[in-house]
Amino acid sequence: MFINIGKKERPIKFGTNATAKFCELENLDLSGYALALFQVSKGTISGTCLRNLIYAGLYAACKSDKLDVDFDVYDVGDWMDTLDEENANKIFNALAASLPKGEKKRKRWQR
Numbered sequence: 062m063f064i065n066i067g068k069k070e071r072p073i074k075f076g077t078n079a080t081a082k083f084c085e086l087e088n089l090d091l092s093g094y095a096l097a098l099f100q101v102s103k104g105t106i107s108g109t110c111l112r113n114l115i116y117a118g119l120y121a122a123c124k125s126d127k128l129d130v131d132f133d134v135y136d137v138g139d140w141m142d143t144l145d146e147e148n149a150n151k152i153f154n155a156l157a158a159s160l161p162k163g164e165k166k167r168k169r170w171q172r
């Protein structure tokens, strides 16, 4: 998925790599990540956590697409200040699409 942020179209993706980057930035384990997602859904997440979550999604998508990461968390914070509703919704839709759907599927590595 692409969003218009920072005066250009940028990919954003929430998955394993974005989760790892967010946990690294926030010094969290997976249970802390789950709590952050819950806080997003309730509107109680801190500004720093929200900024880092968006940064992680942008960062991971750029790395996956072999694009230069030409921004840092402070750029993302500045971009959030001017983000329009359509692109904000795209971010939250990408995040929601990455969440488990409640179906139990056993992966090969989960034995």
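Residue numbers (the working numbering): 62 to 172. From the three backbone atoms N, C-alpha and C, an ideal C-beta is built for every residue, glycine too.
Item                                                                                                                                     : Value
Reducing DSSP to helix, strand and coil, say where Ile152 ends up.                                                                       : helix
If I follow the unbroken alpha helix (DSSP H) through Ile115, where does it start and stop?                                              : 108-125
CB-CB under 8 Å to Gly76, same chain, minus the five flanking residues each way: which ones, in chain order?                             : Ala121, Ser159
Can you tell me where the alpha helix (DSSP H) with Asn78 in it begins and where it stops?                                               : 77-87
Between the region 145-154 and the region 63-83, do at least 3 Cβ pairs fall closer than 8 Å?                                            : yes
Just confirm the distance between the C-beta atoms of Val137 and Ile106, as a whole number of angstroms; I'd bet it's less than 8 Å.     : That belief does not hold up - the Cβ atoms of Val137 and Ile106 are roughly 14 Å apart, past 8 Å.
Under the assumption that Val101 contacts Leu144 (Cβ atoms under 8 Å), give the Cβ distance between them as a whole number of angstroms. : Going by Cβ atoms, the distance from Val101 to Leu144 rounds to 15 Å, so no, they are not a contact pair.
Would the beta-carbon of Pro72 fall within 8 Å of that of Cys123?                                                                        : yes
To the nearest whole angstrom, what separates the beta carbons of Ser125 and Lys69, a pair I think is in contact under 8 Å?              : Between Lys69 and Ser125 the Cβ distance is about 17 Å, and since that is not below 8 Å, they are no contact.
Quick one: is Asn113 buried, meaning 16 or more other Cβ sit within 10 Å of its Cβ, or exposed?                                          : buried
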